[in-house]
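All letters in the sequence shown, in the order written, are residues 1 to 276 by the UniProt record's numbering. Every residue, glycine too, gets a C-beta built ideally from N, C-alpha and C.
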Amino acid sequence: MNLAAQKIPDENNSTTDDIIRKISSGIENYEIITLEELKKSDANLMSRRESKYLMTFEECLNIISALSGDYRILDVEGCTVSGYETVYYDDNSFITYHQHHSGKLNRFKLRTRRYLSSGESYVEIKEKKNTGVTIKKRIETTESGILPKEEQDLFLKSNFPYDYHTFHPVLTTEYSRVTLVSKNYSERITFDFGLTFSNTGDKISLPEVVIAEVKSGKNASESKALSVMQKYGVRKRSFSKYCIGVSLIYKNLKHNRFKPNLMYLSRISGGEALCC
Numbered sequence: 001m002n003l004a005a006q007k008i009p010d011e012n013n014s015t016t017d018d019i020i021r022k023i024s025s026g027i028e029n030y031e032i033i034t035l036e037e038l039k040k041s042d043a044n045l046m047s048r049r050e051s052k053y054l055m056t057f058e059e060c061l062n063i064i065s066a067l068s069g070d071y072r073i074l075d076v077e078g079c080t081v082s083g084y085e086t087v088y089y090d091d092n093s094f095i096t097y098h099q100h101h102s103g104k105l106n107r108f109k110l111r112t113r114r115y116l117s118s119g120e121s122y123v124e125i126k127e128k129k130n131t132g133v134t135i136k137k138r139i140e141t142t143e144s145g146i147l148p149k150e151e152q153d154l155f156l157k158s159n160f161p162y163d164y165h166t167f168h169p170v171l172t173t174e175y176s177r178v179t180l181v182s183k184n185y186s187e188r189i190t191f192d193f194g195l196t197f198s199n200t201g202d203k204i205s206l207p208e209v210v211i212a213e214v215k216s217g218k219n220a221s222e223s224k225a226l227s228v229m230q231k232y233g234v235r236k237r238s239f240s241k242y243c244i245g246v247s248l249i250y251k252n253l254k255h256n257r258f259k260p261n262l263m264y265l266s267r268i269s270g271g272e273a274l275c276c
């Protein structure tokens, strides 16, 4: 398996550009936290609990405005709106997708991720435990996203329960992200927008949709973010970018479990996902 992050060709997306301008205006008054400060803080949270939310762009702006006094914004190399590329891997049977669809409590996902602002690339394994805790393990790659074979073998054999040689790229996601870090608790919030899903032949865009994740350690019940989400009527949802992307791109695969989220996405994105 070649664990290389694949670059999607850039396209002019006026809707996403407009969203970025409005988001940038909404975060002007935030205090800054740097990437190095985040890595050294309790909010780094490689082991955490995650609460996920789907919302419209306008709801996102309202929530960001309401949180400005209690959170700082992550600045990476002078950028507070960062681009992400993620490539997900699965085998020919889509074992990790089907395990999520069937509700398996202990499950894994394998991906590569490239942070466009910092230039860093990682191979990542996400493990969701039956306790609800998510553990992320990763190893940094070279700029091209390819690990030396010895390091790749050792990392994957030690942390991934399947034969990774049978895994190959099945889905690429791209999006922009704003990250807020709590001043008071071990917590950060990410807002992802301008989302696209693609494989080698198809691409689906959801420019009007924002995906938020509250990533927390202890004291999650005291989170201001959760109370603000409730105030604006944004409900927590079980949501996986990987599973939703696969459901949209690979329509022949079973996706009954994800239909409520697919229908909600259709509604808040203006009636249908935009195909490119």
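Quick one: is residue i buried, meaning 16 or more other Cβ sit within 10 Å of its Cβ, or exposed?
| i | result |
| --- | --- |
| T179 | buried |
| E31 | exposed |
| H207 | The sequence given here has Pro at residue 207, not His. By the neighbour-count rule (16 or more Cβ atoms within 10 Å), P207 is buried. |
| S24 | exposed |
| N256 | exposed |
| G194 | buried |
| D192 | buried |
| R188 | buried |
| K215 | buried |
| E36 | exposed |
| P169 | buried |
| T34 | exposed |
| L105 | exposed |
| R72 | buried |
| G245 | buried |
| I182 | Note that residue 182 is Ser in the sequence shown here, rather than Ile. By the 10 Å Cβ count, S182 comes out buried. |
| L265 | buried |
| D10 | Residue confidence is low: D10 scores 44 on pLDDT, short of 50, so the model does not pin down where it sits. No coordinate-derived value is stated. |
Could you spell out where the alpha helix (DSSP H) holding residue i opens and where it closes?
| i | result |
| --- | --- |
| D192 | Note, D192: premise wrong, no alpha helix (DSSP H); beta strand (DSSP E) at E187 to S198. |
| K251 | No alpha helix (DSSP H) contains K251, which DSSP labels as neither H nor E. |
| K39 | L35 to K39 |
Quick one: grab the DSSP three-state call for residue i.
| i | result |
| --- | --- |
| E208 | coil |
| F155 | helix |
| K241 | helix |
| R235 | coil |
| E150 | helix |
| S25 | helix |
| N171 | The question names Asn, but residue 171 in the sequence shown is Leu. L171: strand per DSSP, three-state reduction. |
| Y53 | strand |
| S223 | coil |
| K215 | strand |
| K183 | coil |
With a CB to CB cut of under 6 Å and the five nearest residues on each side skipped, what residues in its chain are close to residue i?
| i | result |
| --- | --- |
| residue 298 | Missing from the structure shown is residue 298; the chain here goes from 1 to 276 and no further. |
| E82 | For clarity, residue 82 is Ser in the given sequence; the question names Glu instead. Answer for S82: V76, S117 and R177, listed in chain order. |
| E127 | F108 and I135 |
Between which residues of its own chain and residue i is the CB-CB distance below 7 Å, once the five residues before and five after are set aside?
| i | result |
| --- | --- |
| H100 | R107, S240 and C243 |
| R237 | K52, Y53, L54 and N261 |
| E28 | none |
| E59 | Y232 and V234 |
| D70 | S182, K183, N184 and K224 |
List the endpoints of the continuous beta strand (DSSP E) containing residue i.
| i | result |
| --- | --- |
| S269 | Element bounds for S269: n/a, residue is neither H nor E. |
By Cβ distance below 8 Å, which residues in the same chain neighbour residue i in space, the five residues on each side in sequence not counted?
| i | result |
| --- | --- |
| L248 | F197, I204, L262 and A273 |
| K22 | F57 and L61 |
| K251 | none |
| L67 | L180, I189, K224, A225 and V228 |
| F160 | F108, L110 and I125 |
**Message:** Please give the ranges of any alpha helix (DSSP H) in the stretch 64-148, keeping only runs that are unbroken, at least 4 residues long and fully inside the region.
**Reply:** 95-101
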